[in-house]
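Here's the structure, in structure tokens; my notes come after.
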Amino acid sequence: MSVFDYLSVLFSVILGLALTQVLQGFRALMLARSRVKVYWPALIWAALVILIVAGAWWGMFAMRNFGVWTFAMYAAVLVQITFIYLIAGLAMPDLPSEGVVDMRRMYFSHKGWFFGLFAVAVAATFLKDFITTGHLSSLSNAGFLGFFFALSIIAAIVKAPWFHWSLAPFSVAAVVAYTALLSFRI
């Protein structure tokens, strides 16, 4: 068993729990569908979180080639995926057992934390890349991360519903384009 094999167990558990959080949230919505007032931006963000978790998990595999691991490298990865887990928990919050579930109200009551954690996760990604590789990301990767960092800060502050209706599908398109342009290969 290599060092990466050993360390990746905890990474995989945390990312698996993040994925579970979102999927259980979708399941809860389906079970409570008769009393749910759907808010599409919330559903779009939850689906995007699934893509981000999968992308983070996929990206972790590239670290298998690191010959030496330091505690700083381990901690940097752990911090990044911890924030991803927290984002996943807010993407699909727990539903009350009774009464109407107003997804719009839930979205706006958690948006500051949700997008604030997104910004912190992006900053943690920069830090992880620097600590694990010894240099900053490629220019295209750094550009996208910087753009998403700024967008997350703006989204945490802006309360206008039209902005959030526009932001969700735009973010999906941006993440899909980013993934396609970088054509992640292991």
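Each position in the sequence shown, counted from 1, maps to that position plus 360 in the working numbering.
C-beta atoms are modelled at their ideal positions from N, C-alpha and C, and glycine is treated no differently.
Since this is a predicted model, take the numbers as computed values, not measurements.
For Met420, the enclosing alpha helix (DSSP H) starts and ends at 400-420. Between the segment 532-543 and the segment 457-468 there are fewer than three C-beta pairs closer than 8 Å, too few to call the two in contact. Taking Leu438 as the centre and dropping the five residues before and after it, the same chain places the C-beta of Leu370, Phe371, Ile374 closer than 8 Å to its C-beta, in chain order. Cα atoms of Trp405 and Ile447: separation of roughly 10 Å, rounded to the nearest angstrom. In the displayed model, Asp365 falls within a helix according to three-state DSSP. No Cβ-Cβ contact shorter than 8 Å links Ala479 with Ile441. Looking at the backbone, the Cα of Ser497 and that of His470 are separated by about 30 Å. With at least 16 other beta carbons inside 10 angstroms of its own, Met452 counts as buried.
Per the C-alpha coordinates, the member of Gly385, Tyr366, Thr380 positioned closest to Pro456 is Gly385. Note that the segment 387-394 does not touch the segment 518-529; fewer than 3 beta-carbon pairs, one per stretch, sit closer than 8 Å. Restricting attention to Phe475, Ala402, Tyr538, the CA atom closest to the CA of Leu511 is found in Phe475. With contacts defined as CB atoms closer than 8 Å, Ala515 and Ile444 fail to qualify as a contacting pair.
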